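In this note's numbering, the protein residues as written are 5 to 144.
Ideal Cβ placement from N, Cα and C applies to all residues, glycine included.
Just so it is clear, the structure is predicted and the values come from calculations on it, not from any experiment.
Written out below as structure tokens is the structure these notes cover.
In structure tokens, the structure reads:
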């Protein structure tokens, strides 16, 4: 296993644990109702929890990936690489959401377990995209 894979997995694990902990905190402690009305539409509390956890862990994930996993200090500008990073993780959020919906509503898996399962799948795709798209000049 090369260093960038090890670093991405290790540091990604830290950010992922933070993400899952925030998800569980919002879902199981803060958002105690099963759904909330947002702009007049009912939204499940697990969906709201997913978005909050996502938004709170974008900056830490970017910083860890840029400075430690891919050592990309000399790559594209911070603004450019942050936009690319945000695009990849937004794709990850959408994939995470769709996988969670499938596992929760079709497979009847508990939302927190579904979150862990979907995270493993999304992290694999995100590593490839971050390495070859976001931080390409630093790793290739």
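- Taking C-beta separations shorter than 6 Å and ignoring five residues to either side along the sequence, residue 75 has no partners in its chain.
- Here residue 41 is bridged, per DSSP, to 46.
- Only buried fits residue 100, as 16 or more other CB atoms lie within 10 angstroms of its CB.
- A direct Cα-to-Cα measurement between residue 44 and residue 52 gives close to 15 Å.
- Non-local C-beta neighbours of residue 56 in its own chain, meaning closer than 6 Å and more than five positions away in sequence, comprise 30, ordered along the chain.
- Going by C-alpha positions, residue 126 is about 17 Å away from residue 64.
- Counting along the chain, no alpha helix (DSSP H) covers residue 81, and no H or E run does either.
- Judged by pairs of C-beta atoms under 8 Å, the stretch 80-96 does not touch the stretch 14-24, as fewer than three such pairs exist.
- Annotation: the continuous alpha helix (DSSP H) that includes residue 121 extends over 115-133.
- DSSP places residue 75 in the coil class of the three-state scheme, outside both helix and strand.
- In the structure shown, residue 23 adopts helical secondary structure according to DSSP, grouped into three states.
- The residues 103, 107 and 113, in chain order, have a CB closer than 8 Å to that of residue 121 in the same chain once the five nearest residues on each side in sequence are set aside.
- Here residue 88 is buried. Its C-beta has 16 or more other C-beta atoms within 10 Å.
- Rounded to whole angstroms, the separation of the alpha carbons of residue 36 and residue 46 is 14 Å.
- Within 10 angstroms of the beta-carbon of residue 110 lie fewer than 16 other beta-carbons, which makes it exposed.
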